[in-house]
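See structure below.
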Amino acid sequence: MSNTKSFPTSAKLIHWISALLIISLLFVGVSMIQSMAPWQHTAIKMHQSIGVLVFVLVLVRLVNRFFFTAPALPSELSRLQQLAAKFTQVLLYVLMLAQPLSGWLMRNAEGLPVSFFGLFQLPTLIGFNYQAFGVLRDLHGILAWSLFVVIVLHIGAALHHGLIRQDSVLPSMLFKFRSRK
Amino acid sequence: MSNSTNDSTSIIKRYAVIFVLMAGFVLAFLYAAGLFGGRGVTAQQFVNLQENEKPNASFRRAHAKGVCLQGEFVASGLLAPFTTAEFFQKGNYPFIGRFSIGGGNPTAPDLASGVRSLALSFTSDSGQRWRTAMNTPTVMAVRTPEVFFQQIKLLTPDPKTGKRDETKIKAFFAAHPEMAEFNQWKEDYVASSSFATEKYHSINAFYLVNNNGERQAVRWAMAPQAEPQPLDENISDSHPDALQIELAQRLENDVVRFDMLVTLANDSDDENNPTVAWPEERTVINAGTVVIRAVEPQQGSACNGINFDPLVLPKGMEATADPILNARSAVYAESYRRRARESFQQQADSQKTGQQKAGAQ
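Protein sequences, first through last, are from chains A and B.
Quick note on numbering: the working numbering labels position 110 of the first sequence as 113, and the sequence is numbered without any gaps.
Quick note on numbering: the working numbering labels position 174 of the second sequence as 175, and the sequence is numbered without any gaps.
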């Protein structure tokens with residue numbers, strides 16, 4: 004029954020890789036839209052390719068989610084806290100899906116394909132539409148800031164569980180580097 | 002750690018750790034987003050400067066006035082040894098294009114502008130794209146976006162007083178000898194009476210990449226096949242749309258053709274410096290003919306929605322590290338973002354008033 008205390012390794016791996024990639028994408032994203040420096044062009048290409056990678060990771064993660072029982076939240080938590088935890092988690096999933104999708108659509112609306120590291124192009128979801136680009140470009144920005152806010156809440160809550168409450172929540176997503184002998 | 006006498010201080014310490022971590026994370030993000038400045042000249046500041054506090058909603062912030070074009074590029078195939086780019090293999094490639102004049106005013110008189118432009122956008126079924134925006138000057142005035150920003154700032158009249166500081170402009174010119182070639186061009190340039198009789202330059206250099214992965218730095222120019230002529234008598238040279246009317250008349254009789262002349266750099270040419278033209282004796286290859294068949298007003302036509310970003314390049318073409326080239330791409334993107342949003346807003350507003358009218362009937 005020790006499995007229910009902790010997420011399986013696959014889920015942990017995807018979680019931490021996604022975390023690293025998503026946070027990098029957010030930082031690069033808000034920087035590159037202002038910069039006029041030569042790295043900006045490379046950054047935009049990388050942002051798209053890594054965005055595709057994150058999108059795939061989120062889909063893999065959703066499928067993977069059906070193959071294990073997530074550890075239950077500590078029973079000491081109030082109903083409200085349990086609900087808040089569930090809500091932010093769902094919100095994170097929604098944003099992690101909506102954000103790459105809005106980027107993909109926005110690029111198509113501009114008449115351009117999304118390329119994955121120059122290896123292949125993603126199918127075109129919508130045709131060239133200038134006004135739609137206007138909406139989708141704004142949406143991509145709003146979703147980025149929303150995602151950042153939810154990530155801040157998520158990290159804040161994780162640290163609260165780990166450092167203040169010192170319950171089972173944070174360790175359930177951490178790798179155990181010391182063997183239990 | 003769980004010693005009960007230390008519990009309260011230990012909790013405070015832990016809260017402090019959380020606070021420092023979270024504050025650091027949030028502040029780092031706000032810094033990345035430019036909320037504290039310190040990021041040099043941004044694309045937003047550049048477009049703000051172009052707007053000069055009087056943005057023309059839904060219009061391009063630079064080269065606001067223009068017309069849409071339809072035509073095709075008849076590639077000679079002579080560039081094929083240098084690039085795998087689809088659009089340079091022998092064949093016909095349709096494009097959407099745009100002629101424009103410099104400046105941010107969409108109603109400026111055509112003949113008053115000192116710069117004219119030709120922009121082309123290619124789309125292939127295999128997913129390749131090529132966009133290029135070319136201007137009448139042969140070179141850029143300055144080498145970096147920061148200096149370009151200073152230059153525009155000095156040359157733009159103060160939005161309140163409507164005046165420019167001539168002594169500062171003189172000092173700027175003196176401090177930037179790299180402007181010499183551009184200024185020489187400006188002095189020698191005589192504007193013709195037609196968009197069709199100007200020569201349009203890529204200004205920045207690009208790389209062509211061939212099958213063996215070899216890179217060749219190039220610049221190109223669209224050279225007109227038509228000879229310059231005085232403006233047709235039935236068009237008044239005081240008409241604000243003189244160039245647009247002239248082009249429409251011309252296209253009623255015949256197509257408009259340009260030769261795409263591609264200059265190959267050699268080792269002594271600096272492809273990252275757009276202020277210096279390459280010597281005349283460099284090898285020039287005629288890559289094909291741009292054939293313009295039709296002209297349309299820009300509002301509501303396809304070219305209006307296109308961002309002629311010079312860094313939209315097909316496989317077989319690559320950007321150089323020219324800082325101006327990269328800055329153009331960044332600034333065009335910001336201009337495009339603003340006008341696309343405004344265009345959507347205008348569309349939504351007109352639909353609303355349309356519905357209100359329909360409802361009132």
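Ideal Cβ placement from N, Cα and C applies to all residues, glycine included.
No experiment lies behind these values; they were computed from the predicted model shown.
Worksheet item: Between which two residues does the beta strand (DSSP E) carrying T45/A extend?
Response: For the purposes of this step, residue 45/A is taken as residue 42 along the first sequence, with counting starting at 1. Premise fails: T45/A lies in the alpha helix (DSSP H), 42-67, not in any beta strand (DSSP E).
Please decide whether Q51/A counts as near chain B, where near means a Cβ-Cβ distance under 8 Å.
-> Residue 51/A sits at position 48 when you count from the first residue of the first sequence. Output row for Q51/A: interface = no.
| message | Looking at chain B, is there any beta carbon in it that lies within less than 8 Å of the beta carbon of F136/A? | response | What you label residue 136/A is simply residue 133 of the first sequence in a count that begins at 1. Yes, F136/A counts as interfacial toward chain B.
3 or more residues per run - each beta strand (DSSP E) lying fully within the region 68-140 of chain B:
92-102, 117-124, 130-136
_CA-to-CA distance, P174/A to M2/B, given in whole angstroms_ = To locate residue 2/B, count along the second sequence from 1; it is residue 1. To locate residue 174/A, count along the first sequence from 1; it is residue 171. With a pLDDT of only 46 at M2/B, under 50, the local geometry of the prediction cannot be trusted, and the value read off the model is given with reservation. About 18 Å.
Worksheet item: Start and end of the alpha helix (DSSP H) containing Q151/B?
Response: Residue mapping note: residue 151/B aligns to position 150 of the second sequence, counting from 1. 146-156 is the extent of the alpha helix (DSSP H) around Q151/B.
Does DSSP put Q124/A in a helix, in a strand, or in coil?
Along the first sequence, read from residue 1 onward, the residue named residue 124/A stands at position 121. The three-state secondary structure of Q124/A, taken from DSSP, is strand.
request  = Might you give, ordered along the chain, the residues of its own chain that have their beta carbon closer than 7 Å to the beta carbon of K8/A, omitting 5 neighbours on each side?
outcome  = Here residue 8/A refers to the residue found at position 5 of the first sequence. Closer than 7 Å at Cβ, skipping near neighbours: P74, S171, S175.
Where does H202/B sit, in a helix, a strand or coil, going by DSSP?
Translated into positions along the second sequence, residue 202/B becomes position 201. Residue state, collapsed to three classes: strand.
State whether the region 103-112 of chain B contacts the region 121-128 of chain B, with contact taken as three or more CB pairs (one from each stretch) at a distance under 8 Å. No: fewer than three Cβ pairs fall under 8 Å.
- Item | Same chain only: Cβ atoms within 7 Å of S5/A, ignoring 5 sequence neighbours per side | Sequence index remark: in the first sequence, residue 5/A carries index 2 (1-based). With a pLDDT of 43 at S5/A, under the threshold of 50, the modelled position of that residue is not reliable, and the figure given next carries that caveat. Result list for S5/A: empty, nothing under 7 Å.
- Query: Roughly how many whole angstroms lie between the Cα atoms of K184/A and V152/A?
  - Reply: Start at 1 with the first residue of the first sequence, and residue 184/A comes out as number 181. Start at 1 with the first residue of the first sequence, and residue 152/A comes out as number 149. With a pLDDT of 43 at K184/A, under the threshold of 50, the modelled position of that residue is not reliable, and no figure is offered here.
inquiry  = Quick check on L70/B - is its C-beta less than 8 Å from some C-beta in chain A?
reply    = Residue mapping note: residue 70/B aligns to position 69 of the second sequence, counting from 1. For L70/B, the answer is no, since every Cβ of chain A falls outside 8 Å of its Cβ.
- request: Select from T85/B, T139/B, G98/B the residue whose C-alpha is nearest the C-alpha of W186/B.
  value: What you label residue 186/B is simply residue 185 of the second sequence in a count that begins at 1. Of T85/B, T139/B, G98/B, the residue nearest in Cα terms is T139/B.
Helix, strand or coil, according to DSSP, for G317/B in the structure here? Sequence index remark: in the second sequence, residue 317/B carries index 316 (1-based). G317/B falls in the coil class under three-state DSSP.
Taking the C-alpha atoms as reference points, what is the distance between V277/B and C304/B? To locate residue 277/B, count along the second sequence from 1; it is residue 276. To locate residue 304/B, count along the second sequence from 1; it is residue 303. If you take the alpha carbons of V277/B and C304/B, they lie about 31 Å apart.
query = In whole angstroms, what separates the C-alpha of R99/B from that of Y201/B?
reply = For the purposes of this step, residue 99/B is identified with residue 98 of the second sequence, where counting begins at 1. For the purposes of this step, residue 201/B is identified with residue 200 of the second sequence, where counting begins at 1. The alpha-carbon atoms of R99/B and Y201/B are separated by roughly 12 Å.
| Quick one: which chain A residues come within Cβ less than 8 Å of F96/B? | Taking the first residue of the second sequence as 1, we reach residue 96/B at position 95. Ordered by position in chain A, no residue passes the 8 Å Cβ test against F96/B, which lies about 13 Å from the chain.
Hey, V42/B and E147/B are a contact pair by Cβ (cut 8 Å); roughly how many whole angstroms apart?
Position 41 of the second sequence holds residue 42/B. Position 146 of the second sequence holds residue 147/B. Rounded, the Cβ-Cβ distance is 5 Å, consistent with contact.
- What residues of chain B sit near A40/A, judged by a beta carbon separation below 9 Å? In the first sequence, residue 40/A corresponds to position 37, counting from 1. Result: G41, P146, P324, N327, A328, A331.
Next item on the list: May I ask which residues mark the beginning and end of the beta strand (DSSP E) holding D260/B?
Entry: Translated into positions along the second sequence, residue 260/B becomes position 259. D260/B -> beta strand (DSSP E) spans 257-265.
Taking all protein chains shown into account, decide if K66/B is buried (16 or more other Cβ within 10 angstroms of its Cβ) or exposed. Within the second sequence, numbered from 1, the residue matching residue 66/B stands at position 65. Buried.
- Given 8 Å, three or more beta-carbon pairs between the region 152-162 of chain A and the region 12-30 of chain B: yes
> Does the ligand PLP have a heavy atom nearer than 7 Å to the CB of F131/A?
Replying inline: This structure lacks the ligand PLP; in fact it carries no ligand of any kind.
- Can you list, in chain order, the residues of its chain whose CB lies under 8 Å from that of T85/B, leaving out five sequence neighbours each side? Walking along the second sequence from the start, residue 85/B turns up at place 84. Within the same chain, T85/B has close Cβ partners V210, N211, N212, K316, G317.
Against chain A, with Cβ distances strictly below 8 Å, would V18/B count as a contact? Position 17 of the second sequence, counted from the start, is the residue given in the question as residue 18/B. Yes - at least one Cβ of chain A is within 8 Å of the one on V18/B.
Problem set entry | Identity of the residues DSSP links to T290/B by a beta bridge | What you label residue 290/B is simply residue 289 of the second sequence in a count that begins at 1. Partner residues in the beta bridge of T290/B, as assigned by DSSP, are V75/B, D260/B.
Check your understanding: Going by C-alpha distance, which of S193/B, R342/B, P311/B is nearest N327/B?
Key -> As a first step, residue 327/B is located in the second sequence; it is residue number 326 there, counting from the start. The candidate whose alpha carbon is nearest that of N327/B is P311/B.
Residue range of the alpha helix (DSSP H) that Q1/B falls in? Residue 1/B falls outside the range modelled here, since chain B spans only 2 to 362, and no answer is possible.
Use the C-beta contact count for V138/A: other C-beta atoms within 10 angstroms, 16 or more gives buried, fewer gives exposed.
-> Taking the first residue of the first sequence as 1, we reach residue 138/A at position 135. Classification of V138/A: buried, given that the 10 Å Cβ count is 16 or more.
Quick one: Cα of D233/B to Cα of E199/B, how far? By one-based count along the second sequence, residue 233/B stands at place 232. By one-based count along the second sequence, residue 199/B stands at place 198. Going by the C-alpha atoms only, they are around 16 Å apart.
Among Q357/B, D323/B, Q299/B, T321/B, nearest to R61/B - alpha-carbon criterion:
In the second sequence, the residue the question calls residue 61/B occupies position 60. Among Q357/B, D323/B, Q299/B, T321/B, the Cα nearest to that of R61/B belongs to Q299/B.
Problem set entry | When L177/A, P11/A, R168/A, H157/A are compared against A87/A, the one with the closest alpha-carbon | By one-based count along the first sequence, residue 87/A stands at place 84. Selected option, being the one with the closest Cα: H157/A.
Contact list for the region 78-99 of chain A against chain B, Cβ threshold 9 Å: none
**Request:** Tell me, please, which residues DSSP counts as bridged to K220/B.
**Result:** In the second sequence, the residue the question calls residue 220/B occupies position 219. The question names Lys, yet the displayed sequence has Arg at residue 220/B. Paired residues: T264/B.
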